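First residue of the sequence shown? That's 102 in the working numbering, and the numbers climb one at a time after it. By construction, the Cβ of each residue, glycine as well, lies at the ideal position given by its N, Cα and C atoms. Nothing here was measured: the structure is a model prediction, and the numbers come from that model.
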Amino acid sequence: MADAFELPRRAMAIFAHPDDVDFGCSGTIALWTAQGVHVTYCLLTSGNKGTHDAKMTAERIAAIREKEQQEAGRRAGASEFVFLRHDDGELEVGMDMRAEVCKVIRVHKPDLVFCQDPWRQYQIHPDHRVAGWSALDGVIAARDHLFFPEQLTNGLVHHRVSRALLFGTADPNVWFDISSTMKTKIHALQAHESQIGDFKRLAERMHAFAGATGTAWGLEKAEAFRYLELA
């Protein structure tokens, strides 16, 4: 299926924490950006609790991780970044979050959205679940003018996203060959210096996972997604 997959003109990745997108789908994003797809990253939290350093403050780690995500995104070819800066671990499904994501989609107008799979069984981290729900809820809201009509001023209009790719899924139905961008994926992950201590071990783990993902489909390295076509 991936061989015949029509690339979007514009895509957006909506995700919970700095590095989620790099672990989940940066190989595919790098593959697409190399072919001219415009990609925007929308990061919901600041990752401001993501440290084991007892001397680190939430403000400092948030600033560090935001810069790391920008660098990682640039390495994968992302063109734009939106930081909503919610507190790590405190995302909640609700209308305020839906409205924020809806507006980002209306402003940046992606044809396809990458997000975390909120239906994944035993998904422990609450932010991952909420990020997935909020991304998909935002997609639905963005397409109709009677959702959050107060946003539709100064030329901003409603926008329909036609497709979604859910990463971190346990139920994939499409795979992309990232053999040519595996080095880029590792390079993007290496930008997250505050999170990763052993880069060699990380690379080995990522190569093993991508290899296992691709094996059933005759691919050297792959990323897997649940693909949704949105009516």
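- Name the DSSP bridge partner or partners of Cys143? Cys143 pairs with Ile115 and Val183.
- Kindly indicate which residue of Lys286, His293, Thr129 and Pro227 has the alpha-carbon position closest to the one of His167. Residue 167 is actually Glu in this sequence, not His. Ranking the options by Cα distance to Glu167, first place goes to His293.
- Query: According to DSSP, which residues form a beta bridge with Gln217?
  - Reply: Checking the DSSP bridge columns, you'll see Gln217 partnered with Phe268.
- Message: Would Ala265 and Leu329 qualify as a contact pair, given that the criterion is a beta-carbon distance under 9 Å?
- Response: yes
- Under the three-state reduction of DSSP, which class applies to Arg327: helix, strand or coil? Strand.
- Query: Who are the Cβ neighbours of Glu107 in its own chain at under 7 Å, not counting the five residues just before and after it?
  - Reply: none
- Using DSSP with H/G/I as helix, E/B as strand and the rest coil, what is Phe106? coil
- Message: Starting from Phe277, trace the beta strand (DSSP E) in both directions and tell me its first and last residue.
- Response: Going by DSSP, Phe277 is part of the beta strand (DSSP E) stretching over Val275 to Asp278.
- What separation, rounded to the nearest whole angstrom, lies between the Cα atoms of Thr270 and Thr158? 33 Å
- Query: Below 8 Å, can you find three or more Cβ-Cβ pairs linking the stretch 175-189 to the stretch 142-155?
  - Reply: Verdict: yes, contact present.
- Leaving out the 5 sequence neighbours to the left and right, which residues in its chain are closer than 6 Å to Val122 when beta-carbon positions are compared? Answer for Val122: Ala114 and Phe116, listed in chain order.
- Look at Gln170 and Cys203 and say whether their C-beta atoms are less than 9 Å apart. no
- Give the DSSP-derived three-state secondary structure of Ile225 in the structure shown. coil
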